[in-house]
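**Student:** This is the structure I have questions about; it appears just below.
Following this line, the structure appears as structure tokens:
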């Protein structure tokens, strides 16, 4: 297991379990809400921390590869950035 996979374990789980290749990108907002409702606060908080780190690092190419590896989705850097922003809006609106 590489360092990156360990670092983004919660994002990997979200991609594999919720945002897999069978789901439409337009459903992402609903999927994030579903994740927040179903998963423990430990996992949700972990994902929030990962998203904040990704947003700070702005390593879109790396995350693009990560999403492709775990979700078989080929998203543009712009889509990746929009995805991260959507996570921020959906998961941090209650000042976590």
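Residue numbers (the numbering used here): 255 to 350.
Cβ atoms here follow ideal geometry from the backbone N, Cα and C, with glycine treated the same way.
(1) Given the structure, does residue 280 come close to the ligand MG, in the sense that its CB is under 8 Å from one of the ligand's heavy atoms?
(2) Please list, in chain order, all residues of the same chain as residue 325 whose beta carbon is under 8 Å from its beta carbon, the five residues on each side excluded.
(3) Use the C-beta contact count for residue 289: other C-beta atoms within 10 angstroms, 16 or more gives buried, fewer gives exposed.
(4) Quick check on the burial criterion: 16 or more other C-beta atoms within 10 angstroms. Buried or exposed for residue 343?
(5) Please report the distance separating the alpha-carbon of residue 259 from that of residue 266.
(6) Got a sec? Which residues, its chain only, sit under 7 Å from residue 327 by beta carbon, not counting five neighbours each side?
(7) Which residue from 332, 287 and 293 puts its Cα closest to that of residue 313?
(8) Threshold first: 4 residues or longer. Then list the alpha helix (DSSP H) segments lying entirely within the stretch 255-281, N to C.
**Tutor:** According to the structure shown:
(1) Ligands displayed in this structure: none; no statement on the ligand MG is therefore possible.
(2) The sequence position of residue 325 within the chain shown is 71, counting from 1. Excluding sequence neighbours, residue 325 sits near 269, 270, 273, 274 and 275.
(3) Position 35 of the chain shown, counting from 1, holds the residue named residue 289. Its Cβ being crowded by 16 or more others within 10 Å, residue 289 is buried.
(4) Within the chain shown, the letter at position 89 stands for residue 343. It is exposed - the Cβ of residue 343 has fewer than 16 other Cβ atoms within 10 Å.
(5) Walking along the chain shown from the start, residue 259 turns up at place 5. Walking along the chain shown from the start, residue 266 turns up at place 12. Legend: pLDDT at residue 259 = 46, less than 50; position of this residue unreliable, value from coordinates given subsequently. The alpha-carbon atoms of residue 259 and residue 266 are separated by roughly 8 Å.
(6) Along the chain shown, read from residue 1 onward, the residue named residue 327 stands at position 73. Once the five neighbours on either side are set aside, the close Cβ partners of residue 327 are 275 and 321.
(7) As a position in the chain shown, residue 313 is number 59, starting the count at 1. Sorting 332, 287 and 293 by C-alpha distance to the C-alpha of residue 313 places 332 at the top.
(8) 257-261 and 263-271
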